[in-house]
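Residue numbers (my numbering): 743 to 1161. Yeah, the Cβ is synthetic: ideal placement off N, Cα and C, and Gly gets one too. Every value quoted in this text rests on a predicted model; they were computed, and no experiment measured them.
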């Protein structure tokens, strides 16, 4: 019989905003100066500080990370019908902007070392689609991907990298901040991110002309005329001075938040010793994640039977084994929030007809085989790595306001699922 626990009186969240009070000072400054719209000192300071922090020349504050990604697609020159290589295991905000511009996402499978884009699969994708000139790379859950390998492949094929660092602000690869590796880079200040503005995002680049285009596009493409003159399509994408005030108040606490998140990751790692599980991996020699979300993956021998439909899941509990569905339902029972791993884009109904490339080549014909029979490639790995991680992985409560005592209880709750 599994151990029973008392419910948490206050919900333990996956990742909620952590506010410090200084944000109110800058919001008040915007209010008292009456700069409440898309111009003001808060915006100027946020752009300056983030550009300096990430080591890029130009930063443009926008209404959302998705807005930044959309304008990055325009900068990259995507036209209707163009194929674009993109990370497969990510939130759909990474790839939707490709479609906004009429492009066709081609999903690149994931690798186990970092849970990010597989450079081997990317090289295979260029063999199949040599005409592709844009690669959209996301850093999953704050862990940098294999940037050097991806850039080497991109350079060899004359492709532009758009870096989606929405989840990885403050993470570094070989000592360099993510959000600075691509030609056009995007970050997010959404409410659950490592620092927040409640909303908002930013496009980062070393290209002055690109930054100026984004400033223009994001303010409805107004021309320099005494009246409202428009010669190209524009968008209402600029960040407000009020939202920028929240971000400005959060920036000094970035390193503190990262340290808190890392401590959570390490406590989970220690607490799960002896279970058939491991934490979301990273390359400790070359990268330092921001540890935005702590995740775990159950080893194949520790998985009970689990099946998932489009919106529902079933599992069969077994002694000594568990599965993501059982663990997530158990956490919810005790008032703690976990989440499934991002469902890979090639599995999403909206994108399931798009090309999907594994390190073995075109992965579409092999996906169903893996679902039913566990088909593997020549190296013994599942042909569809993203699907495998989605099947066995989950995101753990990672809120940096969670106490050590609360986390210890969550660890015990999860351990009980394997009894």
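If you reduce the DSSP assignment to three classes, tell me which class residue i lands in.
i, result
"residue 1138", "coil"
"residue 919", "strand"
"residue 924", "coil"
"residue 847", "strand"
"residue 972", "strand"
"residue 779", "coil"
"residue 827", "strand"
"residue 1038", "strand"
"residue 755", "coil"
"residue 966", "coil"
"residue 936", "coil"
"residue 1173", "With the chain represented from 743 up to 1161, any question about residue 1173 goes unanswered, as that position is not in the structure."
"residue 838", "helix"
"residue 1128", "helix"
"residue 744", "coil"
"residue 1107", "A caution first: residue 1107 carries a pLDDT of 42, below 50, which makes its placement in the model too unreliable to give a value."
"residue 929", "strand"
"residue 1119", "A caution first: residue 1119 carries a pLDDT of 48, below 50, which makes its placement in the model too unreliable to give a value."
"residue 761", "coil"
"residue 1112", "For residue 1112, the predicted structure reports a pLDDT of 34, less than 50, and the residue's modelled location is therefore unreliable. A value from the coordinates is still provided. In the structure shown, residue 1112 sits in a helix (DSSP, three-state: H, G or I)."
If I follow the unbroken alpha helix (DSSP H) through residue i, where does it start and stop?
i, result
"residue 1146", "1146–1159"
"residue 808", "807–817"
"residue 804", "Residue 804 -> not in any alpha helix (DSSP H); beta strand (DSSP E) instead, spanning 800–804."
"residue 1098", "Premise fails: residue 1098 lies in the beta strand (DSSP E), 1098–1100, not in any alpha helix (DSSP H)."
"residue 950", "950–959"
"residue 909", "Unbroken run through residue 909: none, as it is neither H nor E."
"residue 888", "Counting along the chain, residue 888 falls outside any alpha helix (DSSP H), and DSSP gives it neither H nor E."
"residue 867", "861–870"
For the beta strand (DSSP E) that residue i lies in, which residues bound it at each end?
i, result
"residue 1032", "Premise fails: residue 1032 is in no beta strand (DSSP E) and is neither H nor E."
"residue 1143", "Note, residue 1143: premise wrong, no beta strand (DSSP E); not H, not E."
"residue 773", "Note, residue 773: premise wrong, no beta strand (DSSP E); alpha helix (DSSP H) at 764–775."
"residue 906", "902–906"
"residue 750", "Here residue 750 belongs to no beta strand (DSSP E), and DSSP marks it neither H nor E."
"residue 876", "876–880"
"residue 946", "943–947"
Would you please state the rounded distance, in angstroms, between the beta carbons of residue i and residue j? I believe it to be under 8 Å.
i, j, result
"residue 1131", "residue 867", "No, residue 1131 and residue 867 are not in contact; Cβ-Cβ is about 19 Å, not under 8 Å."
"residue 1077", "residue 753", "5 Å"
"residue 1031", "residue 913", "5 Å"
"residue 983", "residue 782", "3 Å"
"residue 996", "residue 801", "At roughly 15 Å, the Cβ-Cβ gap does not stay under 8 Å, so residue 996 and residue 801 are not in contact."
"residue 943", "residue 810", "4 Å"
"residue 987", "residue 769", "4 Å"
"residue 892", "residue 864", "6 Å"
"residue 1006", "residue 1149", "6 Å"
"residue 756", "residue 1079", "5 Å"
"residue 922", "residue 1044", "About 38 Å; that fails the 8 Å criterion."
"residue 1016", "residue 1066", "Actually they are not in contact, since the Cβ atoms of residue 1016 and residue 1066 sit about 19 Å apart, beyond 8 Å."
"residue 1164", "residue 1129", "Nothing about residue 1164 can be read from this structure; the chain reaches only from 743 to 1161."
"residue 862", "residue 1101", "4 Å"
At a cut-off of 7 Å, is residue i close to the ligand MN when judged by its beta-carbon and the heavy atoms of the ligand?
i, result
"residue 837", "Ligands are entirely absent from the displayed structure, and the ligand MN is therefore not among its contents."
Beta strand (DSSP E) segments (min. 3 residues) lying fully within the stretch 1041–1094: 1047–1050 and 1055–1058
Alpha helix (DSSP H) segments (min. 4 residues) lying fully within the stretch 982–1021: 983–992 and 996–1013
Sufficient close CB pairs (3 or more, under 8 Å) joining the stretch 987–1007 to the stretch 754–763: yes
Three CB pairs or more closer than 8 Å across the stretch 892–912 and the stretch 924–940: yes
Three or more C-beta pairs below 8 Å linking the stretch 1009–1027 and the stretch 851–858: yes
Cβ contact check for the stretch 880–887 and the stretch 820–835: 3 or more pairs under 8 Å: yes
At least 3 beta-carbon pairs within less than 8 Å: the stretch 975–984 vs the stretch 952–963: yes
Segment contact flag, the stretch 1136–1148 with the stretch 1089–1098, C-beta cutoff 8 Å, min 3 pairs: no
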